[in-house]
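Every position in the sequence shown, counted from 1, becomes a number in the numbering used here once 13 is added. We treat Cβ as the ideally placed atom computed from N, Cα and C, and that holds for glycine. Quick caveat: nothing in here was measured; it's all calculated off a predicted structure. I have placed the structure first, in the form of structure tokens, so that the comments after it can refer back to it.
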Amino acid sequence: MKKKLLFVMNNLNCGGAEKSLISLLQTIDYSKHEVDLFLFKHEGMFLKKLPHEVNVLAAPALYPYFDMSIKDAVIDCFKHRRFRLAAARIGAGYVYRTEKNIAKSEQKAWRYLSQSLAGLNKEYDAAIGYLEKTPIYYVIEKVKARNKIGFIHNDYDKLGMDPKIDAVYFKKLNYIVTVSEECVSLLKERFPEFEHKIELMHNIVSPAAIIDMSIDEPYLQKNEFTIASVGRLNYQKGFDMAVDACERLVQDGYKFKWYIVGEGQEREKLEKLISAKKLENSLILTGLQENPYPYIKQCDLYVQTSIFEGRCLTITEAKILNKPIVSTNFSVIYDQLNHEENGLIVNQDAASIYEGIKRLIDDESLRNHFVHNLQKEALGTEDEIHKLYQWIS
């Protein structure tokens, strides 16, 4: 008999955890597993990449009340006599307004949001909350399953979450899974009482799939040096430092195009910075791209400017595509790059990013040295799926 699995996720917008989930779902053995996917919102560029075997459950009908303005939500609730839901939306609105830390805001708002979410009737062999906060809380409170697993895809402390809130939920998980050795150590330090249930599962990456998707018509102008970066336009990715580094390169007379592939809440801020520094001809915000891999494949240099990561999927993807890399020194990068061997690791400031890029633009032999070493690395992690099989057995 097939094992019944449920995965819970916010949506399938472009992001590392979402990309990782798609790779996992593309790797599962469907002859032995029956898979349901619960999304709070049926949106995101990865929806069309779901394997046909995955059964996508209906989105929660009342969730949109928490995704619209409080005024519109309350008016509609009163119109339909949903008075308790109106009170919950007002409570969530108070949290959103008073708690400035986004992660803590989501944690605290769950008690109100949960009132809009019905439980699932089906019983599962395993339910997996594939992202910290809301997906994990949903699995704990709204799902019947023999095994409950929660994934943490980021540096827990850097996200700024409240461990006291999570401890209540983590106590009810069978496994707490994270994506790098550094994140495992951090979670064990933060939650020593749950050390026995904290596990490592690297993001599943298929080099063959990435190489196949990277083969496309030319995206980039190749009459000058090209740089690519991929990631959400948010504080974590440090793209404001990219703008400042770009300005320094332009002032030095370098001719290049730097493509930043992604979308997010900092677009307007970055556009204003780019305009103020007159960098429109050198730094291009491409927006979301259904297939970002040709940008990586066709660039001369891949640059990661993150402030923190759980494990950086785009670094792995750039390595698979044999790209010279400059990355900031967020803690887990040392699991992925060896400084001076297959990339440059620089400090988290614009001047250091600029120096690293400048060095690799000027030194073609060093770029070739990195490429040569990358070509010898084995980077596939498809076998990680067997860890999941073990936990749900």
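Quick test of your reading: Glu397 and Ile217, contact by CB under 8 angstroms. State the CB separation rounded to the nearest angstrom. As a first step, residue 397 is located in the sequence shown; it is residue number 384 there, counting from the start. As a first step, residue 217 is located in the sequence shown; it is residue number 204 there, counting from the start. About 5 angstroms separates the Cβ atoms of Glu397 and Ile217, confirming a contact at the 8 angstroms cut-off.
Would you kindly work out how many angstroms separate the C-alpha atoms of Lys291 and Lys282, rounded to a whole number? Counting from one through the sequence shown, the residue named residue 291 turns up at place 278. Counting from one through the sequence shown, the residue named residue 282 turns up at place 269. Lys291 and Lys282: Cα-Cα distance of roughly 14 angstroms.
For Ser242, write down the residues that DSSP places opposite it in a beta bridge. Residue 242 sits at position 229 when you count from the first residue of the sequence shown. BP columns for Ser242 point to Ile273.
Roughly how far, in whole angstroms, is the beta-carbon of Asp168 from the beta-carbon of Phe321, given that I think they are within contact range, below 8 angstroms? To locate residue 168, count along the sequence shown from 1; it is residue 155. To locate residue 321, count along the sequence shown from 1; it is residue 308. That belief holds up - the Cβ atoms of Asp168 and Phe321 are roughly 5 angstroms apart, short of 8 angstroms.
What residue range is occupied by the uninterrupted alpha helix (DSSP H) comprising Ala364? The residue given as residue 364 occupies position 351 in the sequence shown. For Ala364, the enclosing alpha helix (DSSP H) has its first and last residue at 363-375.
By the three-class DSSP mapping on this structure, what secondary structure does Arg261 have? By 1-based counting over the sequence shown, the position of residue 261 is 248. In the structure shown, Arg261 sits in a helix (DSSP, three-state: H, G or I).
On the three-state DSSP scale, how would you describe Glu145? Your numbering for residue 145 matches position 132 in the sequence shown. Coil.
Using 10 angstroms around the beta-carbon of Phe183, count the other beta-carbons present and answer buried if the total reaches 16, otherwise exposed. The residue given as residue 183 occupies position 170 in the sequence shown. Buried is the call here.
Where the beta strand (DSSP E) containing Ala158 begins and where it ends: Here residue 158 refers to the residue found at position 145 when the sequence shown is read from its first residue. In the DSSP assignment, Ala158 falls within the unbroken beta strand (DSSP E) covering 157-165.
Decide yes or no for the touch test of the segment 191-202 against the segment 298-311: beta carbon pairs closer than 8 angstroms, at least 3 of them. Fewer than three pairs of CB atoms, one per stretch, sit closer than 8 angstroms, so the segment 191-202 makes no contact with the segment 298-311.
Locate the alpha helix (DSSP H) running through Val181, then write down its first and last residues. As a first step, residue 181 must be located in the sequence shown, where it is residue number 168. Per DSSP, the unbroken alpha helix (DSSP H) holding Val181 starts and ends at 176-183.
Can you tell which of Ile189, Tyr367, Cys312 has its C-alpha closest to the C-alpha of Tyr267? Position 254 of the sequence shown, counted from the start, is the residue given in the question as residue 267. When each option's Cα is compared against that of Tyr267, the closest is Tyr367.
Burial state of Pro337, where buried means 16 or more other Cβ atoms lie within 10 Å: As a first step, residue 337 must be located in the sequence shown, where it is residue number 324. Counting other Cβ atoms within 10 Å of its Cβ, Pro337 reaches 16 or more and is therefore classed as buried.
Under the assumption that Arg102 contacts Tyr78 (Cβ atoms under 8 angstroms), give the Cβ distance between them as a whole number of angstroms. Taking the sequence shown and counting its residues from 1, the one referred to as residue 102 is at position 89. Taking the sequence shown and counting its residues from 1, the one referred to as residue 78 is at position 65. The beta-carbon separation of Arg102 and Tyr78, rounded to 5 angstroms, stays under the 8 angstroms limit for a contact.
Burial state of Lys61 (16 or more Cβ within 10 Å): Position 48 of the sequence shown holds residue 61. By the neighbour-count rule (16 or more Cβ atoms within 10 Å), Lys61 is not buried but exposed.
Between the CA atoms of Ile115 and Ile287 - distance to the nearest angstrom: Position 274 of the sequence shown holds residue 287. Position 102 of the sequence shown holds residue 115. Between Ile287 and Ile115, the C-alpha separation is close to 26 angstroms.
Is it buried or exposed, Gly29, if we count other Cβ atoms within 10 angstroms and call 16 or more buried? On the sequence shown, position 16 is the one that residue 29 refers to. Burial call: buried.
Here's a check: name, in chain order, each residue in its chain whose Cβ is nearer than 6 angstroms to the Cβ of Asn23, leaving out the five neighbours to either side. Here residue 23 corresponds to residue number 10 of the sequence shown, with the count starting at 1. Here the set comprises Phe53.
Inter-residue spacing [alpha-carbon to alpha-carbon] between Leu37 and Arg324: Here residue 37 refers to the residue found at position 24 when the sequence shown is read from its first residue. Here residue 324 refers to the residue found at position 311 when the sequence shown is read from its first residue. So the two alpha carbons sit approximately 15 angstroms from each other.
Buried or exposed: where does Val152 fall if 16 or more other Cβ atoms within 10 Å of its Cβ makes it buried? Walking along the sequence shown from the start, residue 152 turns up at place 139. Burial of Val152 is indicated by the presence of at least 16 other C-beta atoms within 10 angstroms of its C-beta.
The segment 354-364 / the segment 256-267 touching (three or more Cβ pairs under 8 angstroms): Flag = yes, the segment 354-364 and the segment 256-267 touch.
Given a threshold of 16 other Cβ atoms within 10 Å of its Cβ, counted over all protein chains shown, does Ile273 qualify as buried or as exposed? Reading the sequence shown from its first residue, position 260 is the one you call residue 273. Flag for Ile273 reads buried.
Looking at the structure shown, is Val218 part of a helix, part of a strand, or coil, going by DSSP? For the purposes of this step, residue 218 is taken as residue 205 along the sequence shown, with counting starting at 1. If DSSP states are grouped into helix, strand and coil, Val218 belongs with coil.
Return the CA-CA distance between Ala9 and Ile189, expressed in angstroms with no decimal places. There is simply no residue 9 to check, as the chain begins at 14 and stops at 406 in what is shown.
Mapping DSSP to helix, strand and coil, what is Asp49? The residue labelled residue 49 in the question sits at position 36 within the sequence shown. Strand.
Near Ala241, what residues of its chain come up, given a Cβ to Cβ distance below 6 angstroms and the 5 sequence neighbours on each side ignored? For the purposes of this step, residue 241 is taken as the residue at position 228 of the sequence shown. If you ignore the 5 residues before and after Ala241, its C-beta comes within less than 6 angstroms of the C-beta of Tyr272, Tyr308, Ile309, Cys312, Tyr315, all in its own chain and listed in chain order.
When the Cα atoms are used, what is the spatial distance from Tyr143 to Leu34? Indexing the sequence shown from 1 puts residue 143 at position 130. Indexing the sequence shown from 1 puts residue 34 at position 21. Taking the CA atoms as reference points, Tyr143 sits about 8 angstroms from Leu34.
Lys17 lies in the beta strand (DSSP E); which residues open and close that run? The sequence position of residue 17 within the sequence shown is 4, counting from 1. Secondary structure note for Lys17: its beta strand (DSSP E) is the uninterrupted segment 16-22.
Counting only the same chain and skipping the five closest in sequence on each side, list residues whose C-beta sits under 7 angstroms from that of His46. The count along the sequence shown starts at 1 and reaches residue 46 at position 33. Setting aside the 5 residues that flank it on each side, His46 is surrounded in the same chain by Lys15, Lys16, Leu18, each with a C-beta closer than 7 angstroms to its C-beta; the list follows chain order.
Inter-residue CB distance, Lys32 and Phe59 (contact presumed, cutoff 8 angstroms): By 1-based counting over the sequence shown, the position of residue 32 is 19. By 1-based counting over the sequence shown, the position of residue 59 is 46. Lys32 to Phe59, Cβ: 7 angstroms. Contact.
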